[in-house]
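Engineer: For the record, the sequence lines run as chains X and F. The opening position of the first sequence corresponds to residue 1 in the numbering used here, with each subsequent residue numbered one higher. The opening position of the second sequence corresponds to residue 306 in the numbering used here, with each subsequent residue numbered one higher. All C-beta atoms, glycine included, are put in the ideal place defined by N, C-alpha and C.
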Amino acid sequence: MYLYLPVALTSINVLIPVGLGLAVGLLSGLFGVGGGFLMTPLLIMFGIPSTVAAATDSNQIVAASTSGTYAHWKVGNVDFKMGLYLLIGGFIGGLLGVQAIKILKATGNADFVIKMTYVLMLGIVGTYMFFESLASMRKKKTEEVKTSKESSMVKFLKSLPLQTHFEKSGVTHSALVPLIFGCFVGVLAAIMGVGGGFLMVPVMVYILRMPMHVVVGTSLFQILFNCIEVTFLQAYTNHSVDFILAVLLLLGSTIGAQVGAVFGRKLKGEQLKVILAVIVLLVTVKIIFELTLSPSLLLAQGGGH
Amino acid sequence: MRIREFVAKTLVITTGTILGLLSLFQSGVSAELTATANHDHINIDFFYHGSAVSIRGTSDPATDLVIKITSPDGHQALRKKGKVAGFLWMNVGTLRFEHAPALYYLDSTRKIQDVLSREEMLKYTIGYEALQRHVDMEPAVDENEKAKWFQEFVRFKESSKLYSRSSGNIARTEKDGKQNYYILNEWPYQAPPGRYTVTVYAVKDKKVIETAEASVLVEQVGIVKSLAGMAKNNGSLYGMISILAALGAGFGVGMVFRKGGGAH
Chain X
1 MYLYLPVALT SINVLIPVGL GLAVGLLSGL FGVGGGFLMT PLLIMFGIPS TVAAATDSNQ
61 IVAASTSGTY AHWKVGNVDF KMGLYLLIGG FIGGLLGVQA IKILKATGNA DFVIKMTYVL
121 MLGIVGTYMF FESLASMRKK KTEEVKTSKE SSMVKFLKSL PLQTHFEKSG VTHSALVPLI
181 FGCFVGVLAA IMGVGGGFLM VPVMVYILRM PMHVVVGTSL FQILFNCIEV TFLQAYTNHS
241 VDFILAVLLL LGSTIGAQVG AVFGRKLKGE QLKVILAVIV LLVTVKIIFE LTLSPSLLLA
301 QGGGH
Chain F
306 MRIREFVAKT LVITTGTILG LLSLFQSGVS AELTATANHD HINIDFFYHG SAVSIRGTSD
366 PATDLVIKIT SPDGHQALRK KGKVAGFLWM NVGTLRFEHA PALYYLDSTR KIQDVLSREE
426 MLKYTIGYEA LQRHVDMEPA VDENEKAKWF QEFVRFKESS KLYSRSSGNI ARTEKDGKQN
486 YYILNEWPYQ APPGRYTVTV YAVKDKKVIE TAEASVLVEQ VGIVKSLAGM AKNNGSLYGM
546 ISILAALGAG FGVGMVFRKG GGAH
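#1: Taking C-beta pairs closer than 7 Å, name the residues in chain X that Ser356 of chain F reaches, listed in chain order.
#2: Are the region 266-275 of chain X and the region 123-137 of chain X touching by the rule of at least three beta carbon pairs closer than 8 Å?
#3: Helix, strand or coil: which one does DSSP assign to Ser531 of chain F?
#4: Roughly how many angstroms separate the alpha carbons of Asn77 of chain X and Leu96 of chain X, rounded to a whole number?
#5: Given a cut-off of 8 Å, decide if Val513 of chain F and Tyr409 of chain F are closer than it, judged by their beta-carbon atoms.
#6: Using a Cβ-Cβ distance under 8 Å, would Ile103 of chain X count as near chain F?
#7: Name, please, each residue of chain X whose Cβ falls closer than 7 Å to the Cβ of Arg460 of chain F.
#8: What span of residues does the alpha helix (DSSP H) with Asp419 of chain F cover, start to end?
#9: Quick one: grab the DSSP three-state call for Asn77 of chain X.
#10: With DSSP run on the structure shown, which of helix, strand or coil describes Glu434 of chain F?
#11: Tell me which residue opens and which closes the beta strand (DSSP E) that Phe352 of chain F is part of.
#12: Among F:Val446, F:Val503, F:Val371 and F:Lys537, which one has its Cα closest to the Cα of Phe402 of chain F?
#13: Are the region 247-262 of chain X and the region 111-118 of chain X touching, with three or more C-beta to C-beta distances below 8 Å?
#14: I need the straight-line Cα distance from Ile548 of chain F to Ala496 of chain F, nearest angstrom please.
#15: For Glu167 of chain X, which three-state DSSP category applies?
#16: With the cut-off set at 8 Å, would you say Ser253 of chain X and Gly19 of chain X are in Cβ contact?
#17: Are at least three pairs of beta-carbons, each pair with one atom in the region 202-222 of chain X and one in the region 65-73 of chain X, less than 8 Å apart?
#18: Does the count of Cβ pairs from the region 526-539 of chain F and the region 34-42 of chain X closer than 8 Å reach three?
#19: Mind the definition here: the region 450-468 of chain F touches the region 344-354 of chain F only if three or more C-beta pairs lie below 8 Å; say whether that holds.
#20: With 16 other CB atoms within 10 Å as the buried threshold, where does Phe330 of chain F fall?
#21: Please determine, among F:Gly362, F:His344, F:Ala357 and F:Gly540, the residue with the shortest C-alpha to C-alpha distance to Lys483 of chain F.
#22: In angstroms with no decimal places, state the Cα-to-Cα distance between Gly534 of chain F and His239 of chain X.
#23: Please identify, using Cβ separations under 7 Å, the residues of the region 485-516 of chain F that lie next to chain X, in order along the chain.
#24: With 16 other CB atoms within 10 Å as the buried threshold, where does Ser50 of chain X fall?
#25: I'd like to know whether the C-beta of Lys266 of chain X is nearer than 8 Å to at least one C-beta of chain F.
#26: Mind checking Met310 of chain X: buried by the 16 CB within 10 Å criterion, or exposed?
#27: According to DSSP, is Phe402 of chain F helix, strand or coil?
#28: When the distance is taken between beta carbons, is Gln60 of chain X closer than 8 Å to Ala551 of chain F?
#29: Counting only beta-carbon atoms, is Leu467 of chain F nearer than 8 Å to chain X?
#30: Which same chain residues, not among the five before or five after His439 of chain F, have their C-beta less than 7 Å away from its C-beta?
#31: Restricting to Cα atoms, I'd like to know which of F:Thr502, F:Ser465 and F:Leu338 is closest to Leu522 of chain F.
#32: Report the neighbours of Tyr410 of chain F on chain X: residues whose CB is nearer than 9 Å to its CB, in chain order.
Take a look at the structure:
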């Protein structure tokens with residue numbers, strides 16, 4: 001069955017958005033990412049204009065992350081305190097990132113910087129996560145005792161003022177740490193035009209040392225608020241949210257997020273990290289191909305105004 | 306902006322009148338050509354997936370016919386891809402196309418080059434070459450570049466079924482010393498709402514001898530119209546409803562799963 005999308009001004013087979021929603025929602029519930037880095041290009045591939053694809057995806061993520069946060073909250077896997085600090089940092093970072101984009105656009109090489117940031121970030125994060133989680137899986141098998149060698153990084157973080165305990169995550173950090181790293185992810189996310197879940201998850205795992213299951217729930221919690229803000233701004237300033245498309249997507253993604261949360265509980269933290277790393281690396285490879293192979297069309301729908 | 310619109314409208318009306326008068330003079334030979342578009346009013350509703358437009362009419366016997374469907378001239382900004390650092394394909398800027406119709410369909414009874422002379426094609430903006438001359442690009446480029454990017458523009462439009470040209474698909478039958486013609490065009494769902502003009506040219510000896518016009522109106526109706534209107538005119542309310550609906554759906558599904566999964 002085909003439905004007409006009033007803002008995207010195109011017609012789509014309903015099975016496509018519902019199916020995409022289901023798949024991306026599943027990833028969202030499993031790993032605590034919004035999945036924008038997968039969903040937006042897929043929607044564009046199916047003929048949705050790029051601005052509408054990005055805006056509508058953020059609307060859909062509101063639903064998927066509500067569903068996912070709810071599922072993780074029920075089993076006590078959301079650290080609201082940590083989420084709030086990250087959110088504040090992310091908000092400030094977003095404002096800075098938007099300014100950075102303005103400066104880049106004025107100098108005329110915005111696209112180059114954006115694409116390179118994207119590839120480098122995905123590549124570094126994916127590779128690091130992949131090898132680290134493989135190593136820790138092997139280590140777990142041979143010796144159960146945790147070697148708590150504190151790196152200089154950890155020592156530095158411990159020396160910062162405003163130390164506070166995060167009960168749910170079972171970690172103690174300076175309040176500045178989530179604020180600063182939230183801000184850092186916010187800047188990059190704004191530059192790349194993505195939610196930044198795939199950056200926030202590694203920050204929480206490797207820098208904030210939170211347990212993987214709490215990471216997923218907390219990440220979804222802060223993604224939820226980010227996407228509410230983005231959806232509103234997109235609807236208000238760009239008029240690019242397609243309500244019908246969002247409803248079709250969220251039909252799949254809300255259910256997918258629940259299924260993902262259930263599956264996630266059955267997998268170990270390391271297994272989750274390895275799978276997420278593989279997905280991130282696949283996306284990196286795909287972007288590299290896109291950058292180097294000759295495109296079939298040299299003109300594309302203009303983005304924004 | 307208003308003044309520009311006004312000038313543009315006046316221009317359209319004046320040219321329309323002149324064309325009408327011209328065709329009156331020309332048709333002094335024989336006022337035979339007629340054109341009607343069946344499905345001249347296409348409603349875009351919730352289940353719209355494109356439509357079909359048939360054009361039929363009568364003409365002088367032994368004339369060739371050229372049928373052109375266009376939307377009013379508009380401007381569109383497209384992102385231009387190019388190579389950066391020798392091997393990376395990226396967006397390298399925006400190219401604006403002025404006086405370019407969103408839709409351009411051309412059908413002719415035989416190959417267009419065999420039917421019309423180049424001068425006539427340019428005069429009536431028939432064919433891609435004529436259209437290329439008609440369109441302006443911004444930032445301005447030299448002729449070679451313009452030809453290259455216009456070709457890309459056509460490929461982009463053809464990929465979303467908004468530009469097309471064909472020949473030999475117009476059916477012709479002769480009856481009572483008149484020629485009846487008929488063509489059925491698939492109407493793409495990608496074509497945005499608006500008023501489209503169908504122009505039929507009767508051609509003899511490589512010259513246009515008569516023209517006739519019909520129009521096709523594409524309009525949004527019902528839910529599609531109200532949603533599109535609200536998204537455009539009441540963005541904040543539309544945004545809030547979208548967010549609330551998403552929150553509601555997320556919680557709703559969460560509750561359902563809690564009940565369903567509560568057994569174990």
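Structural biologist: To lay it out plainly:
#1: Neighbours of Ser356 of chain F on chain X: none; closest Cβ ~11 Å, over 7 Å.
#2: yes
#3: If DSSP states are grouped into helix, strand and coil, Ser531 of chain F belongs with the helices.
#4: 30 Å
#5: no
#6: It does not; no Cβ of chain F falls within 8 Å.
#7: Leu297
#8: Ile417 to Val420
#9: coil
#10: helix
#11: Premise fails: Phe352 of chain F is in no beta strand (DSSP E) and is neither H nor E.
#12: Closest option to Phe402 of chain F, Cα to Cα, is F:Val446.
#13: no
#14: 29 Å
#15: coil
#16: no
#17: yes
#18: no
#19: no
#20: Legend: pLDDT at Phe330 of chain F = 46, less than 50; position of this residue unreliable, value from coordinates given subsequently. Result: exposed.
#21: F:Gly362
#22: 10 Å
#23: Hits within the stretch, in order: Tyr494, Gln495 and Pro497.
#24: With 16 or more other Cβ atoms within 10 Å, it is buried.
#25: Output row for Lys266 of chain X: interface = no.
#26: Lying outside 1 to 305, the shown extent of chain X, residue 310 of chain X is not represented and no answer is given.
#27: strand
#28: yes
#29: No, its Cβ sits nowhere closer than 8 Å to a Cβ of chain X.
#30: His404 and Thr430
#31: F:Thr502
#32: Within chain X, no residue has its CB atom less than 9 Å from the CB of Tyr410 of chain F, the nearest being about 18 Å off.
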